[in-house]
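Below is one structure, written out as structure tokens, with a few remarks after it.
Protein chains: 2
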Amino acid sequence: MARGADLAKLAALLADETRAEFCLALLDGRAWTGRELARHAGVAPSTTTEHLNRLVAGGLLTERRQGRHRYVQLAGPHTAELLEHLIGHIQPGPGRPRTLRSAATSAALARGRTCYDHLAGRLGVAITDAMLGNGLLDHAAELALTSTGRTWLTTALGVDPADLRPGRRPLTRACLDWTERRSHLAGLSGAHICRRLHENEWIKRIGTSRAVRLTPAGEQALHRLLGLESLNDDQ
Amino acid sequence: MARGADLAKLAALLADETRAEFCLALLDGRAWTGRELARHAGVAPSTTTEHLNRLVAGGLLTERRQGRHRYVQLAGPHTAELLEHLIGHIQPGPGRPRTLRSAATSAALARGRTCYDHLAGRLGVAITDAMLGNGLLDHAAELALTSTGRTWLTTALGVDPADLRPGRRPLTRACLDWTERRSHLAGLSGAHICRRLHENEWIKRIGTSRAVRLTPAGEQALHRLLGLESLNDDQ
DNA sequence: GTGTCGGTTCGGCGTGCGCCGAACCGACGA
DNA sequence: TCGTCGGTTCGGCGCACGCCGAACCGACAC
């Protein structure tokens, strides 16, 4: 079978700090250019090219050439899942976070962030909990969309019903959050919620990171739609 | 945050073919001695020691010293999950399986195998499907044990009710099978089912591998308890 | 056209690490 | 008590690979 070699080859893609940093950056779900990744990780452009070649060849990333730019992004939700799974396995090392700046970043990430294409962090968990409390999700085993939840998505949030047809991707999925150690909504529904919140400007990216901030309008909207209270001020 | 470095360090543990082979062998859920792993992977004992030190230090394996033996096993179900997740991401390479012997092994693994502590492969999927069909599991979102299912486990299968109390480990979990591309039952219930089937000698390991074979008694029992028909003869 | 800029190719450097064999230690059995 | 055996430590070898700079290519702007 030679499975060991295959597994090792896959793991080797992420076993380099620079490549790992690339993948973590790409967890925001957007497409980055080579330059951006190079600056982000602090390596030369030539080095970046080599790494990207390996990641694309290994199937973790897809690329799109456009003019003189090379855009790369995660190959899909399954790749993002794999990464979050791995991150969840990193044992909480001692003495981290170290610097003030990194502590601030960690706090922002913990408060709310995107996990490829859905919401995670305290914000993601809070929304999931509220949807459960309002009967929009069913907690039978993991997370299932109720019929009330389906109409809520289309009417209250304005998701196109055609976008909720079951396809290759499951309608709901429970994603375990590594900061909260709690499940939150992922899958197609999670992605649509995240998209609509962005489109309504109820959440905004903090700088260019994965961390997101709830806008005042968003706070009102989530209060109105889900009964959520004060997410930004606690801690 | 230096998360990239942490992720890389974790991935590096599996980025070596020998260590990967160790972990795959340990996916059978049993404890192996250093000697056994050395022979299995075809490396010197000294090399094995170094690899095991790294894997234990990295938290993927736990060890138990007993006399002059060093037993190692996977750190827990979460580690097994991570490995199966990674295996599921290995793209189906061309031209595999290559040899007759490896083809036979693959077929046996596809037919039925243990996935750390529960059943997978065609057998695992068939049992899960039968449990769903008989109302022992609920398909709402993923897999949930119904009340009928709970009594079935304790009466028909003889699982101690005290063992079904929710603890740190979820009662049910859906594990995606990489041969069948289908969900099957994992979690506490899955582990108990696998254990009871072994204890009743309804399944038996093939040699020392993870592959399992349904015994004639097992075939009768699964027919009686779940209405399952002829799993061994097809293909 | 010319300059700038993103990306690639190539050669070369340093080192991290996977491997082994030899020596050693400690547990067990005769 | 002495051999055997599982496991460990240590020194050393060699390869793989991550990195860079220099040269080059193609796209875009002026």
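Here the protein sequences come in this chain order: A and B.
Taking UniProt numbering, the leading residue of the first sequence gets 1, the next gets one more, and so forth.
Taking UniProt numbering, the leading residue of the second sequence gets 1, the next gets one more, and so forth.
The C-beta atom is built at its ideal place from N, Cα and C for all residues, glycine as well.
Legend entry - Residues that DSSP places opposite Cys175(B) in a beta bridge: In the second sequence, residue 175(B) corresponds to position 175, counting from 1. According to DSSP, which records beta bridges pairwise, Cys175(B) is partnered with His184(B).
Inset, instruction - Answer yes or no: the CB of Asp163(A) versus the heavy atoms of the ligand MN, is any distance below 8 angstroms? - result: Of ligands this structure carries none, so the ligand MN is not represented either.
Legend entry - Any C-beta of chain B under 9 angstroms from that of Gly112(A): The residue you call residue 112(A) lines up with position 112 of the first sequence. Answer no: the Cβ-Cβ gap between Gly112(A) and chain B never drops below 9 angstroms.
Inset, instruction - State the DSSP-derived secondary structure class of Ala120(A), mapped to helix, strand or coil. - result: Within the first sequence, the letter at position 120 stands for residue 120(A). Strand.
Legend entry - Inside the UniProt domain "HTH arsR-type" (1 to 94) of chain B only - alpha helix (DSSP H) runs reaching at least 4 residues: 3 to 14, 17 to 26, 34 to 41, 45 to 57, 77 to 88
Legend entry - Alpha-carbon spacing of Ile193(B) relative to Gly88(A), whole angstroms: Along the second sequence, one-based indexing puts residue 193(B) at 193. Along the first sequence, one-based indexing puts residue 88(A) at 88. Each residue's Cα considered, the two are about 27 angstroms apart.
Legend entry - Alpha-carbon spacing of Leu10(A) relative to Leu86(B), whole angstroms: By one-based count along the first sequence, residue 10(A) stands at place 10. By one-based count along the second sequence, residue 86(B) stands at place 86. Taking the straight line from one Cα to the other gives about 8 angstroms.
Legend entry - Contacts around Leu74(B), its chain only, beta-carbon distance under 6 angstroms, and the 5 residues preceding and following it disregarded: As a first step, residue 74(B) is located in the second sequence; it is residue number 74 there, counting from the start. Within the same chain, Leu74(B) has close Cβ partners Leu26, Ala80.
Inset, instruction - Would you decide whether Ala211(B) is buried or exposed? Buried here means 16 or more other CB atoms lie within 10 Å of its CB. - result: As a position in the second sequence, residue 211(B) is number 211, starting the count at 1. The residue in question, Ala211(B), is buried, as its Cβ has 16 or more Cβ neighbours within 10 Å.
Legend entry - Per-residue contacts from Gly4(A) into chain B (C-beta, under 7 angstroms): Residue numbering aside, residue 4(A) sits at position 4 when the first sequence is read from its first letter. The answer, in chain order, is Glu17, Ala20, Glu21, Leu24.
Inset, instruction - Examine the Cβ distances between the stretch 110 to 129 of chain B and the stretch 183 to 203 of chain B and report whether three or more of them are shorter than 8 angstroms. - result: yes
Inset, instruction - Select from Gly190(B), Ala217(B), Arg195(B), His69(B) the residue whose C-alpha is nearest the C-alpha of Trp202(B). - result: Along the second sequence, read from residue 1 onward, the residue named residue 202(B) stands at position 202. Ranking Gly190(B), Ala217(B), Arg195(B), His69(B) by Cα distance to Trp202(B) puts Ala217(B) first.
Legend entry - Arg96(A), DSSP secondary structure in three states: In the first sequence, counting from the first residue as 1, residue 96(A) sits at position 96. Confidence at Arg96(A) is low in this model, with a pLDDT of 46, below 50, so the placement of that residue is unreliable and no value is reported for it.
Legend entry - Through-space distance from Ala57(A) to His69(A), alpha-carbon basis: Counting from one through the first sequence, the residue named residue 69(A) turns up at place 69. Counting from one through the first sequence, the residue named residue 57(A) turns up at place 57. Looking at the two C-alpha atoms, the distance is approximately 18 angstroms.
Inset, instruction - Taking the CB atoms as reference points, tell me whether Gly121(A) and Gly133(A) lie closer together than 9 angstroms. - result: What you label residue 121(A) is simply residue 121 of the first sequence in a count that begins at 1. What you label residue 133(A) is simply residue 133 of the first sequence in a count that begins at 1. No; because the gap between Cβ atoms is not below 9 angstroms, this pair is not in contact.
Legend entry - In DSSP terms, what Thr114(A) is bridged to: For the purposes of this step, residue 114(A) is taken as residue 114 along the first sequence, with counting starting at 1. Thr114(A) is bridged to Leu119(A).
Inset, instruction - Taking only beta-carbon positions, decide if His192(A) is within less than 9 angstroms of chain B. - result: Position 192 of the first sequence, counted from the start, is the residue given in the question as residue 192(A). It does not: the Cβ of His192(A) has no partner Cβ on chain B nearer than 9 angstroms.
Inset, instruction - Could you tell me the distance, in whole angstroms, from the CA atom of Thr215(B) to the CA atom of Glu50(B)? - result: As a first step, residue 215(B) is located in the second sequence; it is residue number 215 there, counting from the start. As a first step, residue 50(B) is located in the second sequence; it is residue number 50 there, counting from the start. For Thr215(B) and Glu50(B), the distance between alpha carbons rounds to 40 angstroms.
Legend entry - For Leu197(A) and Gly219(A), the rounded distance between their alpha carbons: To locate residue 219(A), count along the first sequence from 1; it is residue 219. To locate residue 197(A), count along the first sequence from 1; it is residue 197. Gly is not the amino acid found at residue 219(A); the sequence shown has Glu there. Those two C-alpha atoms are separated by around 11 angstroms.
Inset, instruction - Work out the CA separation of Asn53(A) and Arg213(B) for me, nearest whole Å. - result: Here residue 213(B) corresponds to residue number 213 of the second sequence, with the count starting at 1. Here residue 53(A) corresponds to residue number 53 of the first sequence, with the count starting at 1. Approximately 43 angstroms between the Cα atoms of the pair.
Legend entry - CB contact below 9 angstroms: Thr79(B) versus chain A: Sequence index remark: in the second sequence, residue 79(B) carries index 79 (1-based). True, the Cβ-Cβ gap to chain A drops below 9 angstroms.
Legend entry - Residues that His85(A) contacts on chain B, provided the C-beta gap is smaller than 7 angstroms: Indexing the first sequence from 1 puts residue 85(A) at position 85. The answer, in chain order, is Leu82, His85.
Inset, instruction - Would you list the residues sitting across from Val212(A) in a DSSP beta bridge? - result: Residue numbering aside, residue 212(A) sits at position 212 when the first sequence is read from its first letter. DSSP, once it has assigned bridges, lists Arg205(A) as partnering Val212(A).
Inset, instruction - Examine chain B for any beta-carbon lying closer than 9 angstroms to the beta-carbon of Leu55(A), and answer yes or no. - result: Taking the first sequence and counting its residues from 1, the one referred to as residue 55(A) is at position 55. By this cut-off, Leu55(A) is not an interface position.
Inset, instruction - Would you decide whether Arg98(B) is buried or exposed? Buried here means 16 or more other CB atoms lie within 10 Å of its CB. - result: By one-based count along the second sequence, residue 98(B) stands at place 98. With a pLDDT of only 49 at Arg98(B), under 50, the local geometry of the prediction cannot be trusted, and the value read off the model is given with reservation. Flag for Arg98(B) reads exposed.
Inset, instruction - Kindly indicate the opening and closing residues of the alpha helix (DSSP H) around Thr151(B). - result: Locating residue 151(B) in the second sequence gives position 151, where the first residue counts as 1. Where Thr151(B) is concerned, the enclosing alpha helix (DSSP H) stretches over 147 to 155.
Legend entry - chain A contact for Leu132(B) (CB, 9 angstroms cutoff): As a position in the second sequence, residue 132(B) is number 132, starting the count at 1. With 9 angstroms as the cut-off, Leu132(B) does not count as an interface residue toward chain A.
Legend entry - C-beta atoms of Leu14(A) and Met131(A) nearer than 9 angstroms: On the first sequence, position 14 is the one that residue 14(A) refers to. On the first sequence, position 131 is the one that residue 131(A) refers to. Going by C-beta atoms, Leu14(A) is not nearer than 9 angstroms to Met131(A).
Legend entry - Contacts of Ala44(B) in chain A (Cβ-Cβ under 8 angstroms): Your numbering for residue 44(B) matches position 44 in the second sequence. Within 8 angstroms Cβ-Cβ: nothing; Ala44(B) doesn't reach chain A, min ~17 angstroms.
Legend entry - Gly42(A) versus Arg19(A) - alpha carbon distance: Locating residue 42(A) in the first sequence gives position 42, where the first residue counts as 1. Locating residue 19(A) in the first sequence gives position 19, where the first residue counts as 1. Approximately 12 angstroms between the Cα atoms of the pair.
Inset, instruction - Using a threshold of 9 angstroms, state whether the C-beta atoms of Asp16(B) and Ala38(A) are closer than that. - result: Against the second sequence, residue 16(B) aligns to sequence position 16. Against the first sequence, residue 38(A) aligns to sequence position 38. In this structure, Ala38(A) does not lie closer than 9 angstroms to Asp16(B) by Cβ.
Inset, instruction - For Glu229(B), I'd like the list of residues in its chain whose CB is within less than 6 angstroms of its CB, leaving aside the five on either flank, ordered along the chain. - result: As a position in the second sequence, residue 229(B) is number 229, starting the count at 1. The answer is none, since no qualifying residue turns up.
Legend entry - chain B within 9 angstroms of Gly59(A), Cβ atoms only: By one-based count along the first sequence, residue 59(A) stands at place 59. Answer yes: the Cβ-Cβ gap between Gly59(A) and chain B drops below 9 angstroms somewhere.
Inset, instruction - Inspect the beta-carbon positions of Cys23(B) and Leu83(B) and report whether they are closer than 9 angstroms. - result: Counting from 1 along the second sequence, the entry for residue 23(B) is found at position 23. Counting from 1 along the second sequence, the entry for residue 83(B) is found at position 83. Cβ atoms of Cys23(B) and Leu83(B): closer than 9 angstroms.
Inset, instruction - At 7 angstroms on the CB atoms, spell out the chain A contacts of Ile90(B), in chain order. - result: Translated into the one-based positions of the second sequence, residue 90(B) becomes position 90. Per Cβ cutoff of 7 angstroms: Asp6, Leu7, Leu10.
Legend entry - Close beta carbons around Lys204(A), own chain, < 7 angstroms, minus the five adjacent residues each side: The count along the first sequence starts at 1 and reaches residue 204(A) at position 204. So the qualifying residues of the chain are Val212, Arg213, Thr215.
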